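Using my numbering, read the sequence shown as starting at 61 and increasing by one per residue.
Just so it is clear, CB atoms sit at the ideal spot from N, CA and C, and this is done for glycine as well.
Here the structure is a predicted model, which is why all the values come from computation and not from measurement.
Structure, as structure tokens:
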Amino acid sequence: MKRCKNKRKLAVLGLAAAMALSLAACGEKRPSQEDVEQSIEAGTLTIEDALDKGWVDQAWVDAYYEENSVPAASKTESNMVGDFATTTLSGEAFTREQLGDVVFFAFLDPEAEGTQVFYNALAEGYEGVAENGAEILVCTKSGTGSEMFADAPFPVILYNDSLAAAVGSNRSMVEDGEMPNVASWYVKGAFLSAWYSVVDAEELPASAAAFVEMSRNAAFQSGTAAEGGAAMAAMG
């Protein structure tokens, strides 16, 4: 599993959607273990569901948690989000302390092609995400075009130098001109999923449930981003 993770992180184009379609295509046929693992890491399948369906056994679950819960401070710390101070579109202050434990953190360029579709998927999936205990946060990377977010059901904040510094090593992904719209699951202080460049509104709630479940793992129970995040390897 480990040697595949870097490749998976690069495959940001529709990873979650592709895995969901792959599992759906299996019907009654048992999916491959690779498909199951990739779907769990993409957030479209929970470990509990995979176990209930008989696609994995308890021994696999125990081994999976052991592998993904070993100390991996250097990897996780590279995905940590530092302190930042910015504002919402309405001018209200917004800092890292206002982030929830599990947030689908999206960085959008309202002037880019495809942004409306990406945003619409976030808005449509928001209710299910919230029902499953997670949140959505949009950060607009442009000073124009913000009217697109006028009726957003979730906070929309401005990308600034403070936030750019806070995302650290992920800044190149956030500012990548070839992928103007990206998002990742933020869990208790760090980006823990692969970066999505497309979003499916129907899959967001299940993905939210998976990352909320992950946040309840013992590795995160210290309640601090530095301690809990560093104790678990970043997935994706």
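Exercise. Beta strand (DSSP E) containing F164: first to last residue?
Worked result: 162-168
For this session: Going by CA-CA distance only, name the one from T104, T106, I107, W115 that's closest to S92.
Result: W115
Exercise. Are the stretch 142-154 and the stretch 174-191 touching, with three or more C-beta to C-beta distances below 8 Å?
Worked result: Taking a cut-off of 8 Å on C-beta distances, the stretch 142-154 does not touch the stretch 174-191, as fewer than three cross pairs fall below it.
For this session: Flag this pair as yes or no: are the beta carbons of Y246 and F165 separated by less than 8 Å?
Result: yes
Exercise. Can you tell me whether DSSP reads E157 as helix, strand or coil?
Worked result: helix
For this session: Throw me the rounded Cβ distance for the S222 and T146 pair, which I believe falls under 8 Å.
Result: 6 Å
For this session: Please determine, among V259, L264, M239, G228, the residue with the shortest C-alpha to C-alpha distance to F251.
Result: G228
Problem set entry | 8 Å Cβ cutoff met for A183 and V162 | no
Problem set entry | Secondary structure of S229, DSSP reduced to three states | Three-state result, S229: helix.
Exercise. Can you tell me whether DSSP reads L197 as helix, strand or coil?
Worked result: strand
Exercise. Looking only at its own chain, which residues have a Cβ that is under 6 Å from the Cβ of Y125, when we skip the five neighbours before and after it?
Worked result: none
Exercise. Given that a residue counts as buried once 16 or more other Cβ atoms are within 10 Å of its Cβ, and exposed if not, what is G249?
Worked result: Buried, by the Cβ-count rule.
For this session: Take every Cβ of the stretch 96-109, pair it with every Cβ of the stretch 265-274, and state whether three or more of those distances are shorter than 8 Å.
Result: yes
For this session: Starting from L218, trace the beta strand (DSSP E) both ways and give me its first and last residue.
Result: 216-218
Exercise. Excluding sequence positions up to five away, which residues of its chain have a Cβ less than 6 Å from the Cβ of R231?
Worked result: A224
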